[in-house]
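For the record, in the sequence shown the residue sitting at position 100 is 139 according to the numbering used here, with numbers rising by one throughout.
Note that beta-carbon positions come from the ideal geometry of N, C-alpha and C, so glycine has one too.
No experiment lies behind these values; they were computed from the predicted model shown.
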Amino acid sequence: MAERFFGSLDGVVIAMMFALGLTLLARLLQSLLIHLSLRRALSANSPLASDLVDKINRPFERPGPADGMGDERNGLVLIAIGLAMAGFGWIQGDEPMLRLALGAALFPLFVGIALLIRRRLAERATLRESAPE
Numbered sequence: 040m041a042e043r044f045f046g047s048l049d050g051v052v053i054a055m056m057f058a059l060g061l062t063l064l065a066r067l068l069q070s071l072l073i074h075l076s077l078r079r080a081l082s083a084n085s086p087l088a089s090d091l092v093d094k095i096n097r098p099f100e101r102p103g104p105a106d107g108m109g110d111e112r113n114g115l116v117l118i119a120i121g122l123a124m125a126g127f128g129w130i131q132g133d134e135p136m137l138r139l140a141l142g143a144a145l146f147p148l149f150v151g152i153a154l155l156i157r158r159r160l161a162e163r164a165t166l167r168e169s170a171p172e
């Protein structure tokens, strides 16, 4: 039974590597477009050139606060993945597969719970900082 699971795991790993390759290619194309825009802005003496230079220094930042605001969503997604993995093992009906799936499900579950705890702690710290003394 474990051989079937790990055989399908090869396909999942290959798909993840393909997705990672596409992501890196998209980032490379984004950097190329930013550099081309910067060259055009500099040659045209545009006031937007300084904004583009700032964008090059931090090309892949996501907009929004950096205090862990996305942790809640990421934590919930990881918890859902962990529960789905546990459900997969339960549906199989095979005890070794259930043990394997539950063991693997612990990782996203614990990371998701840790992210939710981190989010709550960040909210409390923000409230303490903004509260008048």
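Whole-number beta carbon distance between residue j and residue i, since they are thought to touch under 8 angstroms
i: G142; j: L117; result: Between L117 and G142 the Cβ distance is about 16 angstroms, and since that is not below 8 angstroms, they are no contact.
i: N113; j: L61; result: That pair is no contact at about 21 angstroms.
i: L71; j: A88; result: That belief does not hold up - the Cβ atoms of L71 and A88 are roughly 17 angstroms apart, past 8 angstroms.
Cα-Cα separation between residue i and residue j, rounded to whole angstroms
i: P86; j: R66; result: 25 angstroms
i: D90; j: L81; result: 11 angstroms
i: L160; j: R167; result: 11 angstroms
i: I53; j: L63; result: 15 angstroms
i: V51; j: N84; result: 49 angstroms
i: R79; j: Q69; result: 16 angstroms
i: P171; j: R163; result: 14 angstroms
i: T187; j: L115; result: For residue 187 there is no data in the structure shown, the boundaries of the chain being 40 and 172.
i: Q131; j: M56; result: 27 angstroms
i: S169; j: L59; result: 40 angstroms
Nonlocal neighbours in the same chain, by C-beta distance under 7 angstroms from residue i, ignoring five residues either side
i: I120; result: P147
i: W129; result: L137
Check whether residue i and residue j have beta carbons under 8 angstroms apart
i: D93; j: R157; result: no
i: A140; j: F149; result: no
Sequence-distant residues of the same chain with beta carbon closer than 6 angstroms to residue i, five excluded per side
i: A144; result: G121, M124, A125
Cβ shell of residue i (< 8 angstroms), same chain only, five flanking positions each side left out
i: L75; result: none
Closer than 8 angstroms to chain D by CB, residue i
i: G142; result: Absent from the structure: chain D. Only one protein chain is present.
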